[in-house]
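Numbering (our numbering), first residue to last: 2 to 161.
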């Protein structure tokens, strides 16, 4: 199958998870418009992408609890973000380096069975908004704000 050029230096091929046909983006057969019209939460869409189906209420609650239990990052990660804060370092480079650092502290980093990979992915997914929000604040000379227990997961990202 020939590859089509996507973003600069990123080549893509067919996928069963998403498609774009006539300006309609779909994830696992659900149009983005339909997901938005039905107020699908960010967590529901992540669940859809990971499990190839939308969650029921019990599954969504459990997934949200698992995400929210893993949103915090260590002070070592915050210190690393501060060290990476200089003008010639692109934020994506900071994110890449920080994600690599998370592996250093992950007690399951060497496990490769399906369940361990899922747990590692979940922890990584949970920490991304915290990392992005923290670095955004650091770049503006502000201190990061720790995730708040009474906030929904994505609200952490929005308070940056």
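A virtual CB, placed ideally from N, CA and C, is assigned to each residue, including glycine.
Treat the numbers as computed from the prediction; the structure is a model and nothing was measured.
Query: Uninterrupted alpha helix (DSSP H) stretches inside the region 112–144 (no shorter than 4 residues); Result: 115–140
Query: Completely contained alpha helix (DSSP H) runs for the region 25–92, where each covers 4 or more residues; Result: 33–38, 43–52, 58–69 and 76–84
Query: Close-in-space but distant-in-sequence residues of the same chain around residue 26 (CB under 6 Å, 5 per side omitted); Result: 33
Query: Rounded C-alpha distance that separates residue 82 from residue 136; Result: 6 Å
Query: Three-pair Cβ contact test at 8 Å for the region 64–84 versus the region 138–147; Result: yes
Query: Same chain, Cβ closer than 7 Å to residue 56, five either side skipped, listed in chain order; Result: 45, 48 and 64
Query: Residues near residue 107 in its chain [Cβ-Cβ closer than 8 Å; skip 5 each side]; Result: 121 and 124
Query: Nearest-angstrom Cα separation, counted from residue 105 out to residue 17; Result: 32 Å
Query: Neighbourhood of residue 19 by C-beta distance below 6 Å, restricted to the same chain and skipping five residues each side; Result: 28
Query: Nearest-angstrom Cβ-Cβ length linking residue 126 and residue 79, presumed shorter than 8 Å; Result: That pair is no contact at about 19 Å.
Query: Collapsed DSSP secondary structure at residue 19 in the structure displayed; Result: strand
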